[in-house]
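In order, the protein sequence lines correspond to chains A, B, C, D, E and F.
Each residue of the first sequence is one higher than the one before, starting from 14 at the first, in the working numbering.
Each residue of the second sequence is one higher than the one before, starting from 14 at the first, in the working numbering.
Each residue of the third sequence is one higher than the one before, starting from 14 at the first, in the working numbering.
Each residue of the fourth sequence is one higher than the one before, starting from 14 at the first, in the working numbering.
Each residue of the fifth sequence is one higher than the one before, starting from 14 at the first, in the working numbering.
Each residue of the sixth sequence is one higher than the one before, starting from 14 at the first, in the working numbering.
Beta carbons are placed, not taken as given, at the ideal position from N, Cα and C, and that holds for glycine.
Below is one structure, written out as structure tokens; comments come after it.
6 protein chains.
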Amino acid sequence: MSMNNLGIVKRNIVRADRAAVEKLSRYGTATVHEALGRAGLMKPYMRPIYPRAALCGTAVTALLQPGDNWMLHVAAEQIQPGDVVVAACTADNTDGFFGDLLATSFKARGAKGLVIDGGCRDVAELEKMGFPVFSRAISAKGTIKATIGSVNVPIVCAGVAVNPGDVVVADADGVVVVPAAYAQQVADAAEARENLEAEKRAKLAAGVLGLDMYNMRGPLEKAGLKYVD
Amino acid sequence: MSMNNLGIVKRNIVRADRAAVEKLSRYGTATVHEALGRAGLMKPYMRPIYPRAALCGTAVTALLQPGDNWMLHVAAEQIQPGDVVVAACTADNTDGFFGDLLATSFKARGAKGLVIDGGCRDVAELEKMGFPVFSRAISAKGTIKATIGSVNVPIVCAGVAVNPGDVVVADADGVVVVPAAYAQQVADAAEARENLEAEKRAKLAAGVLGLDMYNMRGPLEKAGLKYVD
Amino acid sequence: MSMNNLGIVKRNIVRADRAAVEKLSRYGTATVHEALGRAGLMKPYMRPIYPRAALCGTAVTALLQPGDNWMLHVAAEQIQPGDVVVAACTADNTDGFFGDLLATSFKARGAKGLVIDGGCRDVAELEKMGFPVFSRAISAKGTIKATIGSVNVPIVCAGVAVNPGDVVVADADGVVVVPAAYAQQVADAAEARENLEAEKRAKLAAGVLGLDMYNMRGPLEKAGLKYVD
Amino acid sequence: MSMNNLGIVKRNIVRADRAAVEKLSRYGTATVHEALGRAGLMKPYMRPIYPRAALCGTAVTALLQPGDNWMLHVAAEQIQPGDVVVAACTADNTDGFFGDLLATSFKARGAKGLVIDGGCRDVAELEKMGFPVFSRAISAKGTIKATIGSVNVPIVCAGVAVNPGDVVVADADGVVVVPAAYAQQVADAAEARENLEAEKRAKLAAGVLGLDMYNMRGPLEKAGLKYVD
Amino acid sequence: MSMNNLGIVKRNIVRADRAAVEKLSRYGTATVHEALGRAGLMKPYMRPIYPRAALCGTAVTALLQPGDNWMLHVAAEQIQPGDVVVAACTADNTDGFFGDLLATSFKARGAKGLVIDGGCRDVAELEKMGFPVFSRAISAKGTIKATIGSVNVPIVCAGVAVNPGDVVVADADGVVVVPAAYAQQVADAAEARENLEAEKRAKLAAGVLGLDMYNMRGPLEKAGLKYVD
Amino acid sequence: MSMNNLGIVKRNIVRADRAAVEKLSRYGTATVHEALGRAGLMKPYMRPIYPRAALCGTAVTALLQPGDNWMLHVAAEQIQPGDVVVAACTADNTDGFFGDLLATSFKARGAKGLVIDGGCRDVAELEKMGFPVFSRAISAKGTIKATIGSVNVPIVCAGVAVNPGDVVVADADGVVVVPAAYAQQVADAAEARENLEAEKRAKLAAGVLGLDMYNMRGPLEKAGLKYVD
């Protein structure tokens with residue numbers, strides 16, 4: 014076995030439970046991130062390339078070299094319906110690794126979208142196709158196919174460790190990664206949280222203050238908060 | 014009296030004159046910023062969380078700790094109809110301090126929106142609610158309620174000193190703060206400026222050059238500008 | 014002749030061939046940038062100020078001083094129908110050098126838009142006017158008219174050397190500059206490239222993998238890529 | 014009185030008590046910032062231009078325009094022995110506003126150094142002169158003298174509100190501003206804090222854990238911390 | 014078992030082989046990073062807080078909350094001689110989490126230094142103590158002790174996944190992490206690489222070109238490189 | 014001839030006059046930049062990799078691909094004694110393109126140093142060798158040799174257009190590029206400027222104010238500056 018993860022394509026990966034993924038797809042990233050115990054969120058520089066882009070699926074990971082998108086072509090073959098390709102790069106790089114041709118291919122394989130810690134191009138076409146991408150940049154700059162990286166190895170993408178098969182949920186608030194083993198548990202916690210929120214929302218809308226609803230007045234006083242006129 | 018402003022909630026603040034605020038709400042931030050003598054503009058990283066978000070109101074200020082939104086709950090109680098909460102943080106932090114639950118509460122209190130030198134989440138819901146927020150980031154990351162800051166003390170938000178009661182105007186061009194004492198004067202200057210602009214716009218549309226309309230040819234020559242072929 | 018380019022307005026510039034410019038306007042920046050041999054692309058911080066903004070035209074260049082837009086008024090007079098003003102600044106600066114009044118003037122002169130390595134304001138009005146701007150920032154901050162720069166001298170804008178008369182193409186993917194002398198050649202190459210892409214797109218949509226379409230399997234193996242289970 | 018602070022030089026300012034300033038000069042910024050209740054610290058991008066630069070003095074403030082250092086010449090006349098010039102700019106700008114000529118002038122007037130939210134040049138000469146500067150950037154880029162700002166008005170510098178006469182303390186850890194009215198109180202608190210630290214340092218050096226010295230074990234357990242093997 | 018890693022202190026960790034760590038300490042980060050197959054390098058914003066700082070040791074990991082250094086006190090107890098504390102934060106934060114008191118405690122426990130994706134203060138004292146720290150920022154800003162994180166769980170620090178017990182090597186070129194299991198293998202590869210470099214250095218110093226030493230002329234020609242006069 | 018500059022090595026370049034280069038080497042970048050009419054300065058993110066690094070020489074240019082330093086080996090052969098290699102990259106990239114082996118080779122060829130809009134490594138060794146480098150980053154990250162760029166074509170480096178043979182001057186204040194054709198003229202202007210400065214410095218040291226020495230009081234009053242008490 015090699016010391017590092019370069020030059021490897023892992024074909025068989027264990028994807029998160031399909032029903033759990035489906036359930037997670039009903040919740041926003043803020044809810045899922047809280048349900049996971051406030052963990053798994055990528056850095057906020059990861060943004061949707063068009064308004065209302067959103068995705069949920071199981072991760073096929075790719076490790077790219079700067080200015081080189083060869084591994085995205087290799088990743089395409091590993092996509093199964095319901096997957097999301099999650100791509101990291103060995104260096105901070107905003108080149109346009111991905112465009113409408115690769116999107117056409119990914120879509121034909123059943124991909125739900127792409128999360129890439131790099132740049133994306135052809136964003137107008139991607140919006141027309143309805144193929145969601147979350148990226149650190151938009152750039153027309155092309156890439157080459159000269160150096161190998163890996164597919165389906167553990168990666169760090171935008172500050173989060175991602176393993177192949179993990180669940181990726183992304184929307185206007187960001188991108189969150191749920192370890193495959195906890196998918197069901199997190200989906201249930203998300204549901205419970207959402208149920209609670211509806212109730213709270215009604216109270217707040219009626220004018221009840223969070224100070225009272227959450228019983229904060231005592232703790233605030235104890236923490237030393239003083240009211241003055 | 015304490016040396017610093019931490020741990021204080023000021024209940025009685027002097028808000029800018031209501032009619033002046035109403036008048037200021039008719040002008041864009043570029044006009045108001047010029048009317049104020051090219052002052053009061055926050056750093057350009059402050060952006061609306063959804064297209065066409067805009068707000069105008071009197072400031073209720075909040076000083077937050079990184080990763081902690083406790084003081085926003087405290088601020089909610091101090092909101093009066095027509096107020097805008099303006100929140101600074103003691104450290105640069107992009108966490109999602111504010112989401113749809115707090116927005117529901119703020120709205121129920123009559124708030125016109127939020128300006129926060131930090132992150133915001135639930136942006137899709139906030140757009141549906143029509144609750145305008147201007148922030149430095151969008152992030153699903155949740156915050157805790159553990160450390161006190163202050164409400165209605167003077168703060169520095171995105172490079173601008175803000176006092177409770179000041180007028181805050183925000184639109185696609187940014188966020189500008191008008192000291193309460195100058196609200197009427199600035200509103201009048203904004204009106205005068207806007208009237209002048211209509212006239213200039215007509216001339217420019219007709220093909221008159223700014224060079225001639227503003228009598229710039231002489232000064233340019235004096236400054237040493239040379240025309241060559 | 015002066016050692017540097019400050020204080021000069023060049024009146025007669027050689028614009029790229031009109032038919033070539035027209036042909037280039039049919040292609041996106043990603044295609045044009047590839048057709049030019051992966052060159053000429055500005056840094057990805059240059060973004061459209063409103064969705065779907067796009068432009069194509071011949072460059073009238075301007076070199077500005079920080080916080081000073083005097084040279085944009087001088088540039089206005091040099092605009093001919095079909096031109097795009099391309100403005101650089103002697104220092105990184107996000108001030109709002111350009112707004113709806115200047116846009117009205119530029120439009121009256123026949124300008125197709127503005128590319129500015131600085132800030133822009135009145136973006137809501139500019140969207141209504143349909144006047145496309147690509148900028149590094151949006152800011153309500155006003156500028157003065159006190160120090161001279163130059164018009165129609167060679168500049169470096171957002172990392173790219175631009176000469177007066179070059180073709181500028183901009184869309185959602187960025188801004189690319191085509192040297193005037195190569196306009197026709199690049200337009201033809203763009204056309205050829207686009208034709209090829211249609212064919213590839215069809216194959217990929219039918220499920221053919223890039224790995225096979227581009228004959229990548231051999232080179233990947235040679236490069237050392239290993240498949241594991 | 015004008016609505017904003019542009020175009021004003023205030024000659025008579027109330028400087029912090031000289032003895033308090035002297036006492037504050039004995040403590041580092043970390044200690045002073047804590048003594049002030051964790052307030053008054055400028056953003057960490059403010060760095061000394063050479064190793065071991067440090068300063069302590071009373072603020073003469075300057076508000077500059079981007080690319081223009083005129084107001085630093087105006088500020089020179091307002092300097093009294095023991096002062097530190099604190100300069101903000103109306104826009105983020107890294108130009109070299111200050112070099113060895115101005116430093117010679119400032120030094121001749123008795124200045125203790127400069128804090129500038131902008132760029133500085135001639136840093137090798139300034140190190141030889143022993144004239145400490147804390148800045149956001151180092152840049153050889155020159156500035157002009159064309160547009161007025163102000164001297165000795167309240168400013169916001171690197172995120173902190175500074176009033177003329179406030180105490181400015183700067184060292185390798187950053188720049189902290191102490192309001193003039195609290196100078197003595199903060200100096201005393203800094204002394205008390207430093208005395209306490211010596212004792213703590215000795216215990217920690219002897220191997221006592223902070224966990225025990227600060228009685229953290231109970232609170233940590235209560236907060237839910239679990240030890241596992 | 015909890016879904017996420019918050020609120021946990023792992024007491025028993027498997028540290029990399031001591032002899033391998035000692036051998037790795039002889040090589041620079043550039044060599045170690047290459048020996049590991051060009052992997053394991055933290056982002057380049059991680060810098061030594063004083064010139065010539067360097068460290069090599071086994072990782073005790075800490076996961077901090079923004080503005081809160083409680084877990085560094087918890088980590089202190091887990092330090093064994095030869096360890097390096099590696100601290101990540103749940104949000105980008107430049108606060109001064111670490112200063113001379115904690116350094117005194119860490120040193121008393123036998124720590125070789127600290128790597129922190131956050132801020133550090135008291136840097137002058139730390140240099141005097143000879144306690145090396147690599148951080149993303151220097152800031153006098155203090156932190157609180159209110160919210161728990163974890164110690165000795167897997168973390169992502171400055172873009173690299175770190176497990177407790179991994180080897181951390183840092184010098185003027187950056188910070189590299191070697192998985193514990195590969196420590197010996199990487200140390201041997203580093204040694205081999207260094208031996209080879211001595212020979213190459215001698216040839217290059219004698220005027221032999223890399224073009225010839227590495228036989229690059231053929232491949233360059235094949236890649237299309239053209240020499241022109 | 015190719016449309017773009019990729020894949021070319023130009024062997025015969027016209028270097029700036031040797032005597033002019035020698036004369037320029039006596040002045041700092043601030044002086045040279047002013048002598049050139051405040052032009053030619055690279056962005057301030059270009060910093061020396063060790064204290065007191067400085068260089069002056071004629072440019073051999075290199076255009077690199079991200080993560081790939083092949084062209085630096087090609088550039089080595091084009092170096093003549095007195096040259097400085099100036100390297101740009103087709104994308105923003107902080108990888109360590111250059112280290113002590115290449116420095117050994119460059120030095121053997123007579124190079125005076127390197128200016129690179131990318132990363133550098135082995136900085137401790139380079140300091141020992143006394144080989145000055147100005148770069149945008151320091152990073153241990155290695156690069157590959159797979160894709161061709163160009164040598165001795167016009168490039169844009171850190172915001173400045175550089176032609177082969179231009180003079181490059183760099184010191185603690187930054188990096189400035191003087192077009193070869195103006196080398197003598199700029200050197201003379203630098204000398205004149207420096208002579209003037211000595212006189213000014215003496216006056217300022219004696220307490221004369223810039224306000225008086227430069228006759229600024231009238232212009233300031235005309236510009237509207239008001240003195241208040």
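Residues that G162/D contacts on chain C, provided the C-beta gap is smaller than 8 angstroms
None at all; the shortest Cβ gap to chain C is about 11 angstroms.
May I have the straight-line CA-CA distance separating M14/D from G223/F, to the nearest angstrom?
Any reading at M14/D is ruled out, since the residue's pLDDT is 38, under 50, leaving its predicted position unreliable.
Which residue or residues does DSSP assign as beta-bridge partners of R60/D?
Beta-bridge pairing links R60/D to S148/D.
Using 8 angstroms as the cut-off, can you tell me whether the segment 84-92 of chain B makes contact with the segment 62-79 of chain E, which would need three or more C-beta pairs spanning the two stretches below that distance?
no
Tell me whether Y227/C is buried or exposed, calling it buried when 16 or more other Cβ atoms sit within 10 Å of its Cβ.
exposed
Answer yes if the segment 228-239 of chain E comes into contact with the segment 140-147 of chain F, meaning at least three C-beta pairs across the two stretches below 8 angstroms, and no otherwise.
No, the segment 140-147 of chain F is not in contact with the segment 228-239 of chain E.
Measuring only the C-alpha atoms, how far is Q78/C from A153/C?
Take the alpha-carbon of Q78/C and the one of A153/C: they are about 18 angstroms apart.
Does any CB atom of chain E fall closer than 9 angstroms to the CB of G237/D?
yes
Flag this pair as yes or no: are the beta carbons of G126/B and R149/B separated by less than 9 angstroms?
no
In whole angstroms, what separates the C-alpha of V173/A from that of A159/B?
25 angstroms
From V245/B to L68/F, what does the alpha carbon distance come to, in whole angstroms?
Past the boundaries of the shown model lies residue 245/B; chain B is included only from 14 to 242, so the question cannot be answered.
Contact with chain F by N176/D, beta-carbon distance below 9 angstroms
No, because no Cβ of chain F sits closer than 9 angstroms to the Cβ of N176/D.
Mind checking if R24/B is an interface residue toward chain D, Cβ cutoff 9 angstroms exclusive?
no
For Q78/B, list the residues DSSP reports as bridge partners.
D81/B
Cβ closer than 8 angstroms: which chain B residues qualify as neighbours of P79/E?
P79, G80, A104, N106, D108
Can you tell which of F111/C, C102/C, A205/C has its C-alpha closest to the C-alpha of A137/C?
F111/C
Just to confirm my understanding: we take N176/A, look at its own chain, exclude 5 residues before and 5 after, and list those with CB closer than 6 angstroms. What are they?
P167
Buried or exposed: where does L209/A fall if 16 or more other Cβ atoms within 10 Å of its Cβ makes it buried?
exposed
Cβ of L233/E less than 9 angstroms from any chain A Cβ?
no
Could you tell me the distance, in whole angstroms, from the CA atom of L238/B to the CA atom of L85/C?
L85/C has its alpha-carbon roughly 13 angstroms from the corresponding atom of L238/B.
List the residues of chain C whose Cβ lies closer than 9 angstroms to the Cβ of M229/B, in chain order.
W83, H86, V87, K158
Cα-Cα separation between A200/A and L37/A, rounded to whole angstroms:
5 angstroms
Can you check whether the C-beta of K56/B is within less than 9 angstroms of a C-beta belonging to chain H?
Here the protein chains are A, B, C, D, E and F, and chain H is not one of them.
Applying a beta-carbon distance threshold of less than 7 angstroms, which residues of chain C neighbour V189/B?
A153
Measuring alpha carbon to alpha carbon, tell me which residue in I157/D, C102/D, G162/D, S118/D is nearest G220/F.
S118/D
Return yes when the Cβ of I129/A is within less than 9 angstroms of the Cβ of A185/C, no when it is not.
Not closer than 9 angstroms, so no.
Can the beta-carbon of A52/D be found less than 9 angstroms from the beta-carbon of N18/B?
yes
Start and end of the beta strand (DSSP E) containing G109/F?
Here the beta strand (DSSP E) through G109/F covers 109-111.
DSSP three-state label for G223/A, please.
helix
Which of helix, strand or coil DSSP assigns to D30/E:
Correct three-state label for D30/E: coil.
So what's K23/F in DSSP terms, helix, strand or just coil?
strand
For the segment 133-188 of chain A, which segments carrying the alpha helix (DSSP H) assignment without a break, of at least 4 residues, lie completely within its bounds, in sequence order?
136-142
The alpha helix (DSSP H) with A200/C in it runs from where to where?
196-218
Using DSSP bridges, identify the partner residues of I92/A.
I92/A is not bridged to any residue.
Would the beta-carbon of M55/D fall within 9 angstroms of that of V189/D?
yes
When burial is assigned at 16 or more other CB atoms within 10 Å of the CB, is R134/E buried or exposed?
buried
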